[in-house]
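Colleague: Under my numbering, think of the first position of the sequence shown as -8, with each following residue one higher. Note that beta-carbon positions come from the ideal geometry of N, C-alpha and C, so glycine has one too.
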Amino acid sequence: YQFANTISLTISKEILSIYYYLIKHCDYKKLGLLEITPCFNSIAISFKSSSPLYNKPDYLRDDILRGRDFPPKTDYNTHTIEISYNGLDLYEVCRLLKLTQKEFIHIHQQNIYTIAMLGFKGNFPYLLGLDKRLILPRRASPRNRVNKGSIAIGSNQCGIYVEDSPGGWHIIAHTEQSDFSSLKAGDKIVFKPRSQEILC
């Protein structure tokens, strides 16, 4: 089910409201549901061939409408992640953005980020909330391997590589945190520099 053609925090909040309504109120066994996954502007629903959704794609239409009016979930967790701003692309990113490293770090770590969705490899958290001054297109040449714990930006998003994997985003920092299993869609993330020593 796709609800918009753009990506924004407002749309993400609506998607997450519908998502949490569906997983709370839908009878997975009766409907033959396998998984419900929130995306930026849509919700992916996997189901068995015996599900009523197989022949009636709009079967959950009323539930989706109720989900839109359902009081939004408010008990999201906030995760503070300590990072070191020593990413492979930080120098080049600052050059392209015409910012000093000190300016970049200040702008990047002052925002609170929202997990719009978990996907790609190892539940990579796609984060909304990147300051407009830090928006850059993805790298022209993706890397075959990006190390686990890398913090990166791509277009208007920020993300955390939760396992070693290919990647085309700009690596700006790294975290020593190794367990990301507690991250959920809708949760907030605050980045905290590990050291107060910031190079200009």
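Secondary structure at S172, three-state DSSP: helix, strand or coil?
Modeller: In this structure, S172 counts as coil in the three-state DSSP scheme.
Colleague: Find the nearest neighbour of A35 within the set S173, I6 and D60, judged by alpha-carbon distance.
Modeller: Considering only alpha carbons, the answer is I6.
Colleague: Run through DSSP, which three-state label would E154 get?
Modeller: DSSP places E154 in coil when its eight states are reduced to three.
Colleague: If I follow the unbroken beta strand (DSSP E) through I106, where does it start and stop?
Modeller: Where I106 is concerned, the enclosing beta strand (DSSP E) stretches over I103 to G110.
Colleague: Taking only beta-carbon atoms, is S41 less than 9 angstroms away from chain C?
Modeller: Absent from the structure: chain C. Only one protein chain is present.
Colleague: Looking only at DSSP bridge pairs, what is H70 linked to?
Modeller: Beta-bridge pairing links H70 to I180.
Colleague: Provide the residue span of the beta strand (DSSP E) that contains T28, from first to last.
Modeller: L24 to P29 is the span of the beta strand (DSSP E), which, as asked, contains T28.
Colleague: Where DSSP assigns a beta bridge to S141, which residues make up the other side?
Modeller: H165, per the DSSP bridge assignment.
Colleague: Suppose you measure from the CA of C17 to the CA of P62; what does that come to, to the nearest Å?
Modeller: The straight-line gap from Cα to Cα measures roughly 17 angstroms.
Colleague: Quick test of your reading: L88 and L125, contact by CB under 8 angstroms. State the CB separation rounded to the nearest angstrom.
Modeller: Their Cβ separation, rounded to whole angstroms, is 7 angstroms, which keeps L88 and L125 in contact under 8 angstroms.
Colleague: Nearest-angstrom Cα distance between G78 and Y50?
Modeller: About 47 angstroms.
Colleague: Decide if N32 is buried, meaning its Cβ has at least 16 other Cβ atoms within 10 Å, or exposed.
Modeller: By the 10 Å Cβ count, N32 comes out buried.
Colleague: Between which two residues does the beta strand (DSSP E) holding Y76 run?
Modeller: Note, Y76: premise wrong, no beta strand (DSSP E); not H, not E.
Colleague: Could you tell me the alpha carbon to alpha carbon distance between Y45 and Y(-8), rounded to whole angstroms?
Modeller: Going from the Cα of Y45 to the Cα of Y(-8) covers about 14 angstroms.
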